[in-house]
Amino acid sequence: MSRYVEVILPLALDRTYTYAIEDKQLQVGCRVEVSFGRHKRYTALVTKVHKQKPDYEIKSIENSIDTEPIVDVVHMQFWLWIAQYYMSTIGEVMKAALPSALLLENQTIIRLKNPDWRIQSQLDEKSYLLCEALEKTELSLGDIAEFLEVKSPIKIASKLIEQNLIERKDIVVDKYKVKLEEVVGLADEKELTSYLDMVHRAPAQRSLLMSFFQLRRDADQIPVKSLLKAAGTSRTILKQLVKKNIFYIEEIEKSRILSNDRATEFLFELTQEQRLAYDKIHSAFAQKHNVLFQAVSGSGKSVVYMQLAEHFLQSKKHVLILTPELSLCAELFSRFVKRFPSQCLLYNSKRSSSELVEIWKTINTSDEAFIVIGTRSSIFLPFKNLGLVVVDEEHEQSYKQQDPSPRYHARDAALYLSKMMNASALLGTATPSFDVFWKANHKDETQNKFAKVSLDISYSRRPRTGIYLVDLKNAYKKKQMQGVFSKELLSKVDQVLANGNQVLFFQNRKGYASFTQCNSCGHSPECPNCDVKLTLYQHRQALICHYCGFEEEIKRTCSVCKSDQIDHKGIGVEQIQMQLKELYPDYTIERFDRSSSSRKDTGMKIIEAFNRNEIHMLVGTQVLSRGIDFLNVGLVAVVNVDQLLFYQDYRAHEWAFQRLIQLAGRAGRSDSVEGDAMLYAQSFDPHHPVLQWAVDYNFNAITSSELNERIQFQYPPHVKIIRIQTKSKNFEANLRAAQYLVSAYKRIPGIKILGPQAPVVSRIRNWYLQNIVIKIQTDRNSLHLRKQLKRMENSFNAVGTFQGVRLAYHIDHI
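With the sequence shown counted from 1, adding 897 to any position gets you the working numbering.
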């Protein structure tokens, strides 16, 4: 009897497709190669195997890729929840979940069809050269472009296809390659004595053989490179031993991800406060509660994480630790891998595609338990026996995926995953997000989804970092400024440096200056693709758009009036660094932001150099505040704290407070810091209540004030928010589409609608944007509303005038 499969494709499609199969062993969760559309092949994932033949003509699968499932049914249900909750398609979730190397690539191959192609006399030079090359071998379009030195080889190929001289073939290319390593072993363990006799008169061979014995310990095989290096000899000597049948050489699969190192002596004893917190967390887990772990900076919460991880590993259960930032991910991993070298895996975008596949396969097939430390995509790993999920720095906004779809929040998705898999969940932070804090403290038991555990004393028992405010208005008035620094701040910098400690400078602006402007005519260069001014980057001598990457050279004269009176507006981290180098020429001053730490391991190298005191001052953006363990910082300087207060968002004050407290936590983290650690923040409004609450570390005061305001103006956690964004290349069409949707949404009872309204940046990559905000009460069935919105989207898509308009949904909008 014929059999069929339902598959999902890594495309923005919200349904499965049916194919016929012959492979009787094919299971749900296996990948197959399918033909879809006219000339495309894709990696599809089997979601169902059945015998019900559709009443329409179907294709057969092209090839079975897996013999065993790479995703189980539980994780497919998790994918489906992501798709439904965040209003994406299941295909988009599949593409986000699987490492790219598991999604075999479609590649077009061109081959010669007519061996008598030379009869065709109308061929131009490039067509002739192509046919001549195809006589020898098939070529990809990329190969043809390189060979003919053309940007668009498809034009040449299409012409020859029409003439029936060549043909195209679409194949699927496997991007994952097993890593192989040459190893050497003894041909026969029983012949050791005779082997020694055989090399008695060959000192180089004998030395190599003895090196083998010294290296192998419990292993039967030694990597060839390691053996030759240890013996200090050449491959020629090794070949002589192979020829004598003493050694054999073979290639074996080598792990890219697991260390063979042994655990270092990582002895630690929890402090009394840490032990109490650990016990409370375990007690909450036993009662099936999620835990909000509010631990002050420097209290050693990562040590508590480590102790928890060890407990779950002993129970043969996986541990997932999420981090919001690549640099924090690498730093936390470096600590954990010392304690758990063979059980600790790092999963983030800095790893190669092959490394990500190996981690996926290891988690999917191994009976061992592992600790995975990773960024938000780690939630999709195929854990079979997940015991603990930790979301470190849970308050960070970067846990929310913005583009492309699915636009999920990794913290919330991780909580749902832990519930599905009956795992424990821990949210760790010194400054909880206000909605999580509210849930953990709410009096109504039906809403209290978290137990709250606090750790209020730093590991070193040092006093907390003092937060001080510098009045910039007063400093400018009294001429107490040097560049962008007040003399009061610089005196503290001098004091800290004299004590042998280090300084962090925080400025939440990239580049050298926010924009440039002509003082003669007022012209300011803007991005041609986006509704923003170009940011000046001095070290690259370029004006750059942060949204689309557009770049142009710095012009010394105005492009409009040709004046050379060009001014720089706004202070970026590059300018801070430059001014500091002028003030402190004898000190090493480096930058730490996304552009300076974008390459693999660069960010970690900067942190390590800083902790070795090779760098005296570090200038950076918000990545500085994200839980990084700086050992010798005596002072944190916030150049302009007012920038944090005035974002156009209802959470601006929450984020500003969190950022200040987190920055303060980077100072005074060890006994090497002489005197009291300090944070100095420069402000034109030092009496602002948020700044005063930060000075007092008054978390309860700011949460009470902000949450009361959110009740009054109907913002989360008291309501849920869905933001719908329309985008089109045509401004008028986009505005009409947004207005049409608002009219349709108004027919839905019990919701509040705001907009349409253009965002602050109203055009990105030549797409015009409009925002619509829907507010709903928390007790309302939001799944029903999301289904209504999807039905309305289907009706919207049927309107011809809106064909070029796209919709994006942001659930629990951040």
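All C-beta atoms, glycine included, are put in the ideal place defined by N, C-alpha and C.
- Between the stretch 1407-1424 and the stretch 1459-1466 there are three or more inter-stretch CB-CB distances shorter than 8 Å, so the stretches are counted as touching.
- For N1396, same chain residues with a beta-carbon under 7 Å away, outside a window of 5 residues either side, are G1531, E1571 and G1572 in chain order.
- By the Cβ-count criterion, L1009 is buried, with 16 or more other Cβ atoms from all chains shown falling within 10 Å of its own Cβ.
- Taking I1143 as reference, the option from N1011, R1304 and F1110 with the minimal CA-CA separation is F1110.
- Residue range Q1169 to A1183 is occupied by the alpha helix (DSSP H) that includes H1179.
- Boundaries for E1291: no alpha helix (DSSP H) harbours it, and the DSSP string shows neither H nor E there.
- In terms of Cβ geometry, Q1191 and T1362 do not form a close pair [threshold 8 Å].
- Exposure of P1482 is indicated by the presence of fewer than 16 other C-beta atoms within 10 angstroms of its C-beta.
- As DSSP reads the structure, D1067 sits in a beta bridge with T1005.
- According to DSSP, D1464 shares a beta bridge with Q1414.
- Listed in chain order, the non-local C-beta contacts of K1374 below 6 Å within the same chain number zero, local neighbours out to five positions each way being set aside.
- Look at N1405 here: in three-state DSSP terms it is coil, with no helix or strand label.
- Counting the other Cβ atoms within 10 Å of the Cβ of L1027 gives 16 or more, which makes it buried.
- In the three-state reduction of the DSSP assignment, Y1594 falls in the coil class.
- Here R1660 carries a strand assignment [DSSP, helix/strand/coil].
- Distance check between I1256 and each of L1680, V1075, S1302 and A1598 places V1075 closest, using alpha-carbon atoms only.
- Residue M1203 holds the alpha-carbon nearest to the alpha-carbon of F1267 among M1203, E1222, S1295 and T1005.
- For F1347, the beta-bridge partners assigned by DSSP are N1187.
- DSSP, reduced to helix, strand and coil, places D1368 within a strand of the structure shown.
- Close CB contacts of S1351 within its chain, under the 6 Å cut and outside five residues either way in sequence, are with Q1191 (chain order).
- It is roughly 46 Å from the alpha-carbon of I958 to the alpha-carbon of P1646.
- By the neighbour-count definition (other C-beta atoms within 10 Å, threshold 16), S1692 is an exposed residue.
- In this structure, the beta-carbon distance from V943 to V929 falls below 8 Å.
- The Cβ-Cβ distance between I1619 and I1512 does not fall below 8 Å.
- Counting only runs of at least 4 residues, the stretch 1219-1305 fully encloses the following alpha helix (DSSP H) elements, listed from N- to C-terminal order: 1223-1236 and 1250-1262.
- Contact between L1229 and I1270 holds: their C-beta atoms lie close to 6 Å from each other, under 8 Å.
- Look at A1116 here: in three-state DSSP terms it is coil, with no helix or strand label.
- Buried is the label assigned to C1442, since at least 16 other Cβ atoms lie within 10 Å of its Cβ.
- A distance of 8 Å or more separates the beta carbons of F1331 and L1560.
- A buried status is given to E1293, since no fewer than 16 other beta-carbon atoms sit within 10 Å of its beta-carbon.
- Comparing alpha-carbon positions, the option among K1349, R1304 and P1301 lying closest to A1322 turns out to be K1349.
- Across the structure, G1697 and A1630 are spaced so that their CA atoms are roughly 11 Å apart.
- By the neighbour-count definition (other C-beta atoms within 10 Å, threshold 16), Y953 is an exposed residue.
- Rounded to whole angstroms, the separation of the alpha carbons of V1657 and S1250 is 36 Å.
- In the DSSP assignment, L1031 falls within the unbroken alpha helix (DSSP H) covering E1022 to L1031.
- Here C1458 is exposed: its Cβ has fewer than 16 other Cβ atoms, across all protein chains shown, within 10 Å.
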